[in-house]
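Those protein sequence lines, which keep their order, are chains A and B. Its first residue numbered 1, the first sequence is counted upward by one per residue in the UniProt record's numbering. Its first residue numbered 1, the second sequence is counted upward by one per residue in the UniProt record's numbering.
There are 2 protein chains.
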Amino acid sequence: MSGTQDFINQNKDRFLEELLDLLRIPSVSADSRHKADVKRAAEFIQTKLTEAGADRAEIYETKGHPIVYGEKIVGSNVPTVLVYGHYDVQPPDPLDLWDSPPFEPVIKKTDIHPEGAIFARGSCDDKGQMYMHVKAFEAMMAGGELACNIKFIIEGEEEVGSDNLEIFLEEHKEMLANDIVLVSDTGIIANDVPSITVGLRGLSYLEIEVTGPNRDLHSGLYGGAVPNPINVLSEMIASLKDEKKRINIPGFYNDVLELTAEERAAMARAPFSLEAYKKSIGLSDVEGEEGYSTMERASIRPTLDVNGIWGGYTGEGAKTVIASKAYAKISMRLVPHQDPDKITELFQNHFESIAPPSVKVKVTPHHGALPAVTPTDSPAYLAAAKAMKETFGKEPVPFRGGGSIPIVALFEQILDSKTVLMGFGLDSDAIHSPNEHYGLFNYYKGIETIPLFYKYFAEMK
Amino acid sequence: MSGTQDFINQNKDRFLEELLDLLRIPSVSADSRHKADVKRAAEFIQTKLTEAGADRAEIYETKGHPIVYGEKIVGSNVPTVLVYGHYDVQPPDPLDLWDSPPFEPVIKKTDIHPEGAIFARGSCDDKGQMYMHVKAFEAMMAGGELACNIKFIIEGEEEVGSDNLEIFLEEHKEMLANDIVLVSDTGIIANDVPSITVGLRGLSYLEIEVTGPNRDLHSGLYGGAVPNPINVLSEMIASLKDEKKRINIPGFYNDVLELTAEERAAMARAPFSLEAYKKSIGLSDVEGEEGYSTMERASIRPTLDVNGIWGGYTGEGAKTVIASKAYAKISMRLVPHQDPDKITELFQNHFESIAPPSVKVKVTPHHGALPAVTPTDSPAYLAAAKAMKETFGKEPVPFRGGGSIPIVALFEQILDSKTVLMGFGLDSDAIHSPNEHYGLFNYYKGIETIPLFYKYFAEMK
């Protein structure tokens, strides 16, 4: 595909500049104050799809943030690829931990990225990875080498649960019909260890409110005699795991798919250094469910984490107060065969059942995601593997990821479509964290690899 | 004391207006942004003491907030009363729970205060109660009936531990020499049940920082495999109490003064309705240390309460993050014979010892206070009791309070002075809480009662 690859080589700087422009738009879907910014990001994608040569590119309004759809149909005799991505990003806080402003991208060299990485919220998740597809599309059009029909569905609510995507899929099954869904929202093991994600954990996310007294009280006058909602919440959270770090919710593990000894042995062969892992996140020691390795705990096992907690006086100095309310955000990562709705209900019932009579507890489900496993023998997987082998010079490793991409299950249910997760990020890219970044190596490698996927997928179908 | 009481009756409106002016100054000692406001409050007191007729009234700078000292010496043949109070206030947050702005005082009627109460931060604690003494002093001067030498020491750091007061006392023992310290920073049981506080709990206040990974992490990629500092902090907090709600810190109860059956029986005779108590703070049930009554839990028993907790994502919506750090503010109320420094050390050592190896824990002591018990047979107590009996028409009940007034122990240690705690607030005044208020009945009753204390104290000495 010399025409396509030449075009990529000639336009690398512009491809980067355009991404930086996109990263300057603070499209934080969780924060209603950014609604207009989210819209601007959608319009940016629409424009670029049109410029790249789409037959049509439109913005579909939803009850929440808009969805961008674009397509280029080259013929009925070739397969159709549906590219999914999202242009919304996680909230940037805590802001004070960023070395540079989250929405003012800068390029800096790191040990892992000697040729430089783009530091900005969304640089990897998912603006950078999504935009690779827009540029690969432009290159294939310029090179006259687009081997498949291509459809883009780029949403703005992935970081808040994709609530309106489901409705959109239901309403546009026809338009979205495809032979494979292609997504770059996952990672590779390392820049010299290409991999393709073949499994994803699901998610159940809830918010907790514990109410004790009807107002904040003086801890001197009332301390010891009334329920303190922060102490109570802490005790309830602590009771959710046993001493083996297993989750204490009745029925939680009922549907968990246990891997065979062979599967676990295969996983253990993937390159992994516990020392390097601990060093990269500054830990003296790891912890997790007894009887499982760190890689297993982070991929094939379900989890429960408190993502946020707050209550009482959190300002400067000391305030001797007993708060009226305490809050927590809690999420559980789920593995194949666990149903997020069922787990959410189990959690809700259990959490309410363990509340002491002296407090009121409110549990509000935020959103969920089904776990997913993708096949490794499909034409799509084989095409992705062949494309990566060509650009990385190495056969990619099939890998079970720990994160959730709710839409994989949605595409399966509603469109009856399989998904191939050909991502190019790294765990160390700090997505969802301060100083999120994305390697220039990874950005360009993605743009170069994607056209090859189309070529080989067309050949294999 | 007709002259004094007439003057009070003729100047009630002005006495109120002056207090409202003082309450409009946001003298929040814990918040460095309010340093200038705290200074303004000190100058306000200095001015009013001078206007009331003090021989001298001065502002003494300290490393922190200033201390106001004023005095009127009427002769060497009369006893000297040292009035202590504080002009600093607690932080007002959570602001959204106030019905009116905390520093814009309004007068509203309540069930308990049919003649109206002043709603503002500091209205009771302690601007309102402290200012009663300034006005009582003015009235005694106007009436020519000041029966004792009077010295005022009004500080601006009571809500942050009175760190600089100790140094000041050490440096001015001579100037502060007295026969009794008189303080109104406590309450009465009810407006028709006068009482005098004869016991106070001590305090140990600490701040906790738990660090897991060196940065916020994506809970999908890392969840289950790394220590989550919020989960860990919750588990550590939960472990601090056993199922009987006793505090699990080795040695914590060693020095606790246990009351005799007679003393407990005497306490139980004080009027108290558990139903009214629960209703007043909207609780369906109370909780606390097994084997003790609600009144005992709130006064003669030590406690441990989390006053604030925070970590991770606390904004709108959902963020699937594992925080790098989690924080808590924890205070323990102490009873006679418990030493705050020793308890602080016990807590620190225990808390560090129970931290899992995978996290780092930092414990920072904020401030402490010694518990105190005051005698009921001293001339000062008897003078206060006689004064209250005259204005309330009822013998006051000796009462063990739950709060801490660190300076009571300081005056004992450094000035070798006894303190009488003749306060006029109510538990329901919501001090340290939104909508703090102070009854007009209580404000005026205090101003009327204080001059009688001077009269009877002079007679009894």
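Ideal Cβ placement from N, Cα and C applies to all residues, glycine included.
Approximately 4 Å separates the beta-carbon atoms of A:Tyr205 and A:Ser331; this is inside 8 Å, confirming the contact. In the three-state reduction of the DSSP assignment, A:Glu287 falls in the coil class, being assigned neither a helical nor a strand state.
When the five nearest sequence neighbours on each side are left out, the beta carbons in the same chain lying within less than 6 Å of the beta carbon of B:Val181 are those of Leu82, Tyr84, Phe411, Ser417 and Thr419, in order along the chain. The beta carbon of B:Val198 sits closer than 7 Å to the beta carbons of Val373, Thr374, Thr376, Pro398, Phe399 and Arg400 from its chain, once the five residues preceding and following it are set aside; these are given in chain order.
Distance from the CA of B:Cys148 to the CA of B:Tyr456, rounded to the nearest whole angstrom, comes to 10 Å. Pairing A:Ala323 with B:Gln90, the inter-Cα distance amounts to about 14 Å. Comparing alpha-carbon positions, the option among A:Gly3, A:Pro101, A:Glu43 and A:Pro79 lying closest to A:Ser433 turns out to be A:Pro101. Using beta-carbon distances, B:Lys329 counts as an interface residue toward chain A, with a partner under 8 Å. Rounded to the nearest angstrom, the gap between the Cα atoms of B:Gly64 and B:Glu166 is 12 Å. Within the same chain, Leu146 and Asn149 come within 7 Å of B:Val74 by CB-CB distance, once the 5 residues on both sides are set aside. Taking 3 residues as the minimum length, the beta strand (DSSP E) runs contained wholly in the region 408 to 446 of chain A are 419 to 421 and 437 to 439, in order along the chain. The alpha-carbon of B:Val78 is positioned some 19 Å away from that of B:Leu415. Shortest Cα-Cα distance from A:Gly53 to any of A:Glu43, A:Asp37, A:Pro66 and A:Gly70 involves A:Gly70.
Under the three-state reduction of DSSP output, B:Leu240 falls in the coil class, being neither helix nor strand.
Beta-bridge analysis with DSSP links B:Asn149 to B:Thr80. Between the alpha carbons of A:Gly220 and A:Asp429 lies a distance of about 47 Å.
At least one C-beta of chain A is nearer than 8 Å to the C-beta of B:Arg215.
With its beta carbon less than 8 Å from one in chain A, B:Gly402 belongs to the interface.
When secondary structure is reduced to three states using DSSP, B:Glu61 falls in the coil class, being assigned neither helix nor strand. By the neighbour-count definition (other C-beta atoms within 10 Å, threshold 16), A:Asp427 is a buried residue. When rounded, the separation of the alpha-carbon atoms in B:Pro371 and B:Arg333 is 9 Å. Under a 10 Å Cβ-count criterion, A:Gly251 is classified as exposed, with fewer than 16 other Cβ atoms of the shown protein chains found around its own Cβ. Per DSSP, the unbroken alpha helix (DSSP H) holding B:Val134 starts and ends at Lys127 to Ala142. Proximity of chain B to A:Lys319 at the Cβ level (cut-off 9 Å) is accounted for by Ala30, Gln90, Pro91, Asp93, Glu159, Asn307, Gly308, Lys329 and His432, in chain order. For A:Thr314, the three-state secondary structure derived from DSSP is coil. B:Thr80 has its alpha-carbon roughly 26 Å from the corresponding atom of B:Ala41. Along the region 235 to 252 of chain A, the positions whose C-beta sits under 9 Å from a C-beta of chain B are Glu235, Met236, Ile237, Ala238, Ser239, Leu240, Lys241 and Lys245, read in chain order. Fully contained in the region 19 to 73 of chain B are the following alpha helix (DSSP H) runs of length 4 or more, in chain order: 35 to 52.
A residue is called buried when at least 16 other Cβ atoms come within 10 angstroms of its Cβ; A:Asp96 does not meet this threshold and is exposed. A distance below 8 Å separates the beta carbons of A:Gly156 and A:His86. Restricting attention to B:Glu61, B:Val193 and B:Thr186, the CA atom closest to the CA of B:Glu395 is found in B:Val193. When C-beta atoms of the region 293 to 301 of chain A are compared with those of the region 311 to 322 of chain A, fewer than three pairs fall below 8 Å, so the two segments do not count as touching.
For the set B:Ala383, B:Ser293 and B:Ile447, the Cα lying nearest the Cα of B:Ser273 is the one of B:Ser293. Look at B:Val286: its C-beta is under 8 Å from a C-beta on chain A. The alpha-carbon separation between A:Lys362 and B:Lys362 amounts to approximately 32 Å.
Neighbours of B:Ala298 in chain A, taken as residues whose beta carbon is under 8 Å from its own, are Leu221, Tyr222, Gly223, Gly224 and Ala225 in chain order.
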